[in-house]
Amino acid sequence: MSDVQVTEDPQLHAERMAALKQEQDAKVKAANVRRGIVVVHTGNGKGKSTAAFGMILRTIGHGRRVGLVQFIKGTWKTGEKKAIAALPLVDHVISGEGFTWETQDRERDIQAARAGWHAAMEMIEACRVDAPEQQPKYHLVVLDELNIALRYGYLDVNEVVEVLRNKPERLNIVVTGRDAPAALLEVADTVTEMRADKHAFAAGIKAQIGVDF
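At position 205 of the sequence shown the residue is numbered 204 (numbering that gives the first Met the number 0), and the sequence of numbers has no breaks.
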């Protein structure tokens, strides 16, 4: 198979890029609604929480505060937990005791999930403002692995969806975890599904520091 690249006439390339720029500029101009959004990262592939942590980094880079609630994976000694502890603009709540097969106690899991959801609702409600010039407490609230708590029935899907639907207007919320329920996908503004085409763990390779946790 040849590795030779097809070269495009410079004039044709310039014309094509000019047309593309005009198209993109028109789309940007048409996007004139200003409000926070609900983002869902789901699917069986790697990268859901990782993408959310990247959004945390972006947000604090702009000097905005972030609320983070982690469901399920609470006992893990993760790199993000250590890093976030050093970030004054992130309020971090861990509400899980590990995966369900670790605790083997459904009632404890439910109590932990409810505690996390209570913390999440407090963060969300703290972002309501009385006047447009007021800044919400948080620019972004991340609910990491909330979908897992919903999947196992630890939290009521309808309650969660109602809270997200009626969130403060300027607040952005990110929900992660596989098997996001249909009602959550419906209320979300942006949905990304991570697909597992291949994963090192399936080949017996241990999870890697900085890559997996």
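No residue lacks a Cβ here, since even glycine has one placed at the ideal position from N, Cα and C.
Using only alpha-carbon positions, find the residue among the options that is nearest to residue i.
i: residue 92; options: 107, 71, 106, 105; result: 71
i: residue 164; options: 66, 183, 150; result: 183
i: residue 86; options: 31, 67, 160; result: 67
i: residue 186; options: 26, 122, 49, 38; result: 38
i: residue 82; options: 192, 53, 61, 204; result: 53
i: residue 151; options: 105, 190, 62, 192; result: 105
Let me confirm a value: residue i is counted as buried when at least 16 other C-beta atoms fall within 10 Å, else exposed. Which label applies?
i: residue 55; result: buried
i: residue 69; result: buried
i: residue 146; result: buried
i: residue 64; result: buried
i: residue 197; result: exposed
i: residue 122; result: buried
i: residue 204; result: exposed
What number of angstroms, rounded off, separates the C-alpha of residue i from the C-alpha of residue j?
i: residue 202; j: residue 188; result: 36 Å
i: residue 157; j: residue 10; result: 56 Å
i: residue 59; j: residue 135; result: 14 Å
i: residue 44; j: residue 112; result: 23 Å
i: residue 33; j: residue 208; result: 39 Å
i: residue 20; j: residue 8; result: 18 Å
i: residue 133; j: residue 26; result: 30 Å
i: residue 161; j: residue 130; result: 24 Å
i: residue 167; j: residue 118; result: 16 Å
i: residue 30; j: residue 107; result: 45 Å
i: residue 23; j: residue 120; result: 37 Å
i: residue 190; j: residue 172; result: 12 Å
i: residue 15; j: residue 89; result: 44 Å
i: residue 200; j: residue 210; result: 12 Å
i: residue 193; j: residue 6; result: 34 Å
To which residues of the same chain is residue i closer than 8 Å at the C-beta, ignoring the five residues directly before and after it?
i: residue 212; result: 75, 76, 77, 78, 206
i: residue 128; result: 134, 135, 167, 169
i: residue 159; result: 116, 145, 149, 183
Considering only residues of the same chain and omitting the five flanking positions on each side of residue i, which have a CB-CB separation below 7 Å?
i: residue 109; result: 153
i: residue 176; result: 41, 47, 144, 145, 146, 147
i: residue 180; result: 149, 156
i: residue 170; result: 35, 123, 126, 135, 137, 140
Who are the near neighbours of residue i in its chain, counting only those whose CB is closer than 6 Å to its CB and skipping five residues on each side?
i: residue 195; result: 43, 44
i: residue 115; result: 68, 70, 94
i: residue 174; result: 39, 142, 145
Task: Whole beta strand (DSSP E) elements within the region 25 to 65, 3-residue minimum - done: 37 to 41
Task: Complete runs of the beta strand (DSSP E) confined to the region 135 to 163 [at least 3 residues] - done: 139 to 143
Task: alpha helix (DSSP H) segments (min. 4 residues) lying fully within the region 74 to 132 - done: 78 to 83, 99 to 102, 105 to 124
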